[in-house]
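Asks: The C-terminal position of the sequence shown is numbered 1099 in the working numbering, with every residue numbered one higher than the one before it.
All residues carry an ideal CB built from backbone N, CA and C; glycine is no exception.
Just so it is clear, the structure is predicted and the values come from calculations on it, not from any experiment.
Structure in structure tokens, see below.
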Amino acid sequence: MRFNLPVLVYQEKNCVHNHADEIAQMGKNALIVTGRNSSKKNGSLDDVINALKSKNIKYTVYDGVEENPSVETVMEAREIGVKAGCDFIIGIGGGSPMDAAKAIGVMIYYKNENKDFLYKSVSNSQSLPVIEVPTTCGTGSEVTTVAVLTVHNEKTKKSMSHRIFPRMALVDEKYIKNAPLKVICDTAIDALAHIVESCINNNATEYSKMFAKEGLEAWSKFKDVLLGNREATDEDFHNMMYASTLAGMCIAHAGTSLPHGLSYPITYELGIPHGKAVGYFLPGYINEATDEDKEFVLKAAGFETVEEFSKFYKKACGYEKFPQELLDKTGELILSNQRKLANCPYKVDAEVIKNIISF
């Protein structure tokens, strides 16, 4: 078995403020990478800026990260960071800014390379130090090496080839307390998918399943909030962020599988939120698994059957039928995605993919 998680993780109230000294140890000039609005509304951007100011650290804010960030966005931010002389990166937001932060850290380090370098295999890739401040409860990007970017000329999303762990993750549930329920639902389903796909996976180990069980049980405690059955409590918000970070730890070791691979063309073509797109394929993926794997994930997450989970997903995320032509195309594409196929523990052919898509 293998276990490696070189990310210093803190989860607590006022996390950024409490660890300003450690932030300052990362460098002298920060590039803050974030989206256009949410980090300003939830206070996370102000918290980071105040922490940097308190330690006399220079900073530049790049707030141009869109949902499902593109390679072009990474290159634009790279130029700004190089010009400003930035020597470390702070990603603030959901998966989009955090993934972009990792890619930008790589491209500033290799400042003379062009955008094709993002998908070039390099042994022992390097990066500027990256700190992540998650403000959604889904991606787990703060503890993974993954950076998924939109590649417009291929009309899909792809993980960059370089595997870079953030140095530090500062997790504070206060940033999601005023998030719309729809955003919480979409991101929480993504966290669930991370855990499920890491369990029903050829790379699953006793270590990854230990994190998975803990994450699923934390997730089960707030799942009725996702249906709008009650208001979220402070404990719920804590569990949302806790489950998300644990889910990230799971995929850091096992990786994702078919549902994530199937979701990328859907997100690109329809603009569907990532968590909702992944969740569409999750019931079918679970249904094809062994009885042992099915029981493990369903029981820990608080479901009796795959059908019960499918109904839950449709109610929580708002079910819609995707165009059949696009689903067919997605099914064809996944059969050539060797990385996702290799992670799946059961035999996959066109019939199995059809069953997953149509479940």
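Along the alpha helix (DSSP H) that carries residue 1069, what are the first and last residues, could you check?
Replies: Position 329 of the sequence shown, counted from the start, is the residue given in the question as residue 1069. Per DSSP, residue 1069 belongs to the alpha helix (DSSP H) from 1064–1074.
Asks: Classify residue 854 as buried or exposed, calling it buried when 16 or more other Cβ atoms lie within 10 Å of its own Cβ.
Replies: Against the sequence shown, residue 854 aligns to sequence position 114. Exposed.
Asks: Flag this pair as yes or no: are the beta carbons of residue 1003 and residue 1018 separated by less than 7 Å?
Replies: Position 263 of the sequence shown, counted from the first residue, corresponds to residue 1003. Position 278 of the sequence shown, counted from the first residue, corresponds to residue 1018. Yes.
Asks: Under 7 Å, do residue 954 and residue 986 count as touching if we go by C-beta distance?
Replies: Position 214 of the sequence shown, counted from the first residue, corresponds to residue 954. Position 246 of the sequence shown, counted from the first residue, corresponds to residue 986. The answer is yes: Cβ separation under 7 Å.
Asks: List the endpoints of the continuous beta strand (DSSP E) containing residue 899.
Replies: Against the sequence shown, residue 899 aligns to sequence position 159. Counting along the chain, the beta strand (DSSP E) containing residue 899 begins and ends at 896–899.
Asks: How big is the Cα-Cα spacing for residue 824 and residue 763?
Replies: As a position in the sequence shown, residue 824 is number 84, starting the count at 1. As a position in the sequence shown, residue 763 is number 23, starting the count at 1. Cα to Cα, residue 824 sits roughly 19 Å from residue 763.
Asks: Assuming residue 749 and residue 933 make a contact with CB atoms under 8 Å, what is their CB distance in whole Å?
Replies: Locating residue 749 in the sequence shown gives position 9, counting from the first residue. Locating residue 933 in the sequence shown gives position 193, counting from the first residue. The Cβ separation is near 21 Å, so there is no contact.
Asks: Report the residue from 839, 921, 980 whose alpha carbon sits nearest the alpha carbon of residue 881.
Replies: Residue 881 sits at position 141 when you count from the first residue of the sequence shown. Nearest option by C-alpha distance: 839.
Asks: Per DSSP, residue 891 is paired with what?
Replies: Taking the first residue of the sequence shown as 1, we reach residue 891 at position 151. Residue 891 is bridged to 896.
Asks: Please state whether DSSP places residue 801 in a helix, a strand or coil.
Replies: Translated into positions along the sequence shown, residue 801 becomes position 61. Strand at residue 801.
Asks: CB residue 1097 to CB residue 1071, shorter than 7 Å?
Replies: Taking the sequence shown and counting its residues from 1, one reaches residue 1097 at position 357. Taking the sequence shown and counting its residues from 1, one reaches residue 1071 at position 331. Cβ distance < 7 Å, so residue 1097 and residue 1071 count as in contact.
Asks: Under the assumption that residue 704 contacts residue 788 (Cβ atoms under 8 Å), give the Cβ distance between them as a whole number of angstroms.
Replies: Because the chain in this structure spans residues 741 to 1099, residue 704 falls outside the shown range and cannot be described.
Asks: Look up residue 751 in the DSSP assignment and give the residues it is bridged to.
Replies: The count along the sequence shown starts at 1 and reaches residue 751 at position 11. Paired residues: 911.
Asks: Which value, in whole angstroms, describes the spacing of the CA atoms of residue 866 and residue 905?
Replies: Here residue 866 refers to the residue found at position 126 of the sequence shown. Here residue 905 refers to the residue found at position 165 of the sequence shown. Spanning the two alpha carbons is a distance of roughly 10 Å.
Asks: Alpha carbon to alpha carbon, how far is residue 919 from residue 1087?
Replies: By 1-based counting over the sequence shown, the position of residue 919 is 179. By 1-based counting over the sequence shown, the position of residue 1087 is 347. Using only the alpha carbons, I get a separation of about 40 Å.
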